[in-house]
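Each residue of the first sequence is one higher than the one before, counting from 0 in numbering that gives the first Met the number 0.
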Amino acid sequence: MSSGETVPTITIADAGRHVGMKVRIAGWLYNLRKSGKIVFPLVRDGSGIMQCVAVKSALPEELFEQIKDLTQESSIIVTGKVRAEQRAPGGYELDIENVEVIQRVPVEDPYPITPKEHGIEFLMDHRHLWLRSRRQHAILRVRHEVIRAVRDYFDSHGFTLIDTPIFTPSACEGTTTLFEVNYFDDEKVYLTQSGQLYAEAAAMAFGKVYCFGPTFRAERSKTRRHLTEFWMVEPEMAYADLEEVKRVAEELVVYVVGRVLENRRKELNELERDVSKLECIQAPFPRITYDDAVRELQAKGSNIQWGSDFGGTDETLLSEAHDRPLMVDRFPSAVKAFYMQPDPERPEVALGVDVLAPEGYGEIIGGGQRIHDLDLLLRRIEEHGLPKEAFSWYIDLRKYGTVPHGGFGMGIERCVAWLCGLEHVRETIAFPRMLYRTRP
RNA sequence: UCCUCAGUAGCUCAAUGGUAGAGCAUUCGGCUGUUAACCGAAGGGUUGCAGGUUCGAGUCCUGCCUGAGGAGCCA
């Protein structure tokens, strides 16, 4: 090797293409197994984990001692030759020739997350470090794939991305779940609960749009399905009726599941997800009306009455009978938001739809047709006790070329929790915000 | 907000009202193919906080704090 030649730095995911070559891997010490005069440092670099081998007889004394005494999560750059090795966890192994220690984690203050088990409180307190573990890595990569797939779906189906504001002067869901922001002098401003109202305005300009961003709900809820800050994608389509909304929702879910199966098999395996439960997610999804759902629930022993919304156990009871998402439509108008279009043949029910994920994961999508008639919208705003002034721009949309339209919102975290088969949505976002959790 | 449960070593957990213990982690020693390596030894404690009952409280009682699970509501 000439003095000008440099050793290439590779990623561990790419190791298979460098067998027999001398390479550099820049990363962190994941774990170290010792066996006398041979040690096996496991190095992770963000793309994967690689088992390395250091043999005492093959290295300078000082270097071998340094490797042997490395501490967990010390930052290191290892140099060596890649070799295919069946005994190594990833199928490849690196014979260490040199190790450059960027920072050795001090023994008196060791890395807190050991390879053994930990409780959820401890892990959540160390979320900033927990992200380094294999499991969290796999989950967040699935999340990334879900988001990419969602964007690709809409981008390739004629939708324009319109980012909607996070500070808003008005509510779109219940007014009790608003986060107030004390900054603006003139008026009360809140963190958005949904980009929908603005997406409706954009749909009247662009036809088909979607927004994707964080949303905030000050619900005093503490369950495995709730975050106070969560991400939602919301398509909105001019001239779309309820049936079209359902068709797009179904197509989107099938596409997203397909993409995760196509590109994130390894991560699903790491999570020990039963992929057969995802492979059967194909159109058409079963469809049922709210009326039939209530009858079915009552037959199964639920004490739900017509007119009230489903509880979590009701959703589970309904969805467990199916191996694919269940679409429930025509809910009682009274339990739904003010903008829901009533069914012209039965005004007591709204042209809205919920999509319930299988395996008890509950509602992942909610949407429907919006009210396009000016007088009806004004009446509903009044009935719900909402401030008309704050909605003046929204009302304008019904004055200037109003058309039937609709859309839906899909919660990213619930989707990811379902696809990964997780117990709780808190692991589906890097830094979850919950009722009693705002750190780290 | 309501209901239920929990809080003991850095972590995960034991301990009839009667001497606070184990595994992992850490340190030291051993081991040339380990797979959450293994074997031996050592150090490590204001039992969440404040009161109370008792000869004696990690254990029983009261209040508070923190967390978890669930309900309602929602994506």
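The C-beta atom is built at its ideal place from N, Cα and C for all residues, glycine as well.
In this text, all values refer to a predicted model and were calculated from it rather than measured experimentally.
Asked, Found
"Cβ pair E99, V77 closer than 9 Å", "yes"
"Of the residues L241, E422, A389, C210, the one placed nearest V403, counting alpha carbons only", "The sequence shown places Pro at residue 403, rather than the Val named in the question. It is L241."
"Strand pairing of N97, partner residues [DSSP]", "T78"
"Touch test, the region 258-270 against the region 130-139, Cβ-Cβ under 8 Å, three pairs minimum", "yes"
"V106, DSSP secondary structure in three states", "coil"
"Cβ contact (3+ pairs, closer than 8 Å) linking the region 408-423 and the region 99-109", "no"
"I363: first and last residue of the uninterrupted beta strand (DSSP E) it sits in", "361-369"
"Rounded separation between G157 and G406 - CA only", "14 Å"
"For M409, the three-state DSSP class (helix, strand or coil)", "strand"
"C-alpha distance - F39 paired with G212, whole-angstrom precision", "43 Å"
"Closest Cα partner of V348 within the set Y393, Y289, T315", "Y289"
"Those residues which DSSP pairs with A237 across a bridge", "H404"
"9 Å Cβ cutoff met for G410 and W230", "yes"
"Residue range of the unbroken beta strand (DSSP E) whose run includes F158", "That residue, F158, is in no beta strand (DSSP E); it is neither H nor E in DSSP."
"Beta-carbon contacts of D94 that lie in its chain and below 7 Å, excluding the five residues immediately before and after", "V52, G79, K80, R82"
"C-alpha distance - R472 paired with Q192, whole-angstrom precision", "Nothing about residue 472 can be read from this structure; the chain reaches only from 0 to 439."
"Spatial neighbours of I428 in its chain, beta-carbon cut-off 6 Å, leaving aside the 5 residues before and after", "E412"
"Nonlocal neighbours in the same chain, by C-beta distance under 7 Å from F390, ignoring five residues either side", "S169, I380"
"Where T312 falls, given that 16 or more other Cβ within 10 Å makes a residue buried", "exposed"
"Inter-stretch contact at 8 Å, needing at least 3 Cβ pairs: the region 354-365 / the region 322-334", "yes"
"Residue burial classification, R438 (beta-carbon count within 10 angstroms, cutoff 16)", "exposed"
"Contact belief for E233 with G408 at Cβ below 8 Å, rounded distance in angstroms", "4 Å"
"Beta strand (DSSP E) runs wholly inside the region 276-339, at least 3 long, in chain order", "286-288, 325-328"
"Burial state of F183, where buried means 16 or more other Cβ atoms lie within 10 Å", "exposed"
"Delimiting residues of the beta strand (DSSP E) encompassing Y29", "21-34"
"Element boundaries [alpha helix (DSSP H), containing A389]", "It is not in any alpha helix (DSSP H) - A389 carries neither H nor E in the DSSP assignment."
"Whole-Å CB distance - A217 paired with T176, under 8 Å assumed", "5 Å"
"Outcome for R86 when other beta-carbon atoms lying within 10 angstroms are tallied against a minimum of 16", "exposed"
"Cβ distance (whole Å) where E278 is taken to contact L296 below 8 Å", "Not really, about 28 Å apart at Cβ, beyond 8 Å."
"Sub-9 Å separation of C62 and N30 beta-carbons", "Correcting the residue identity first, residue 62 is Leu in this sequence and not Cys. Not a contact, by the Cβ cut-off of 9 Å."
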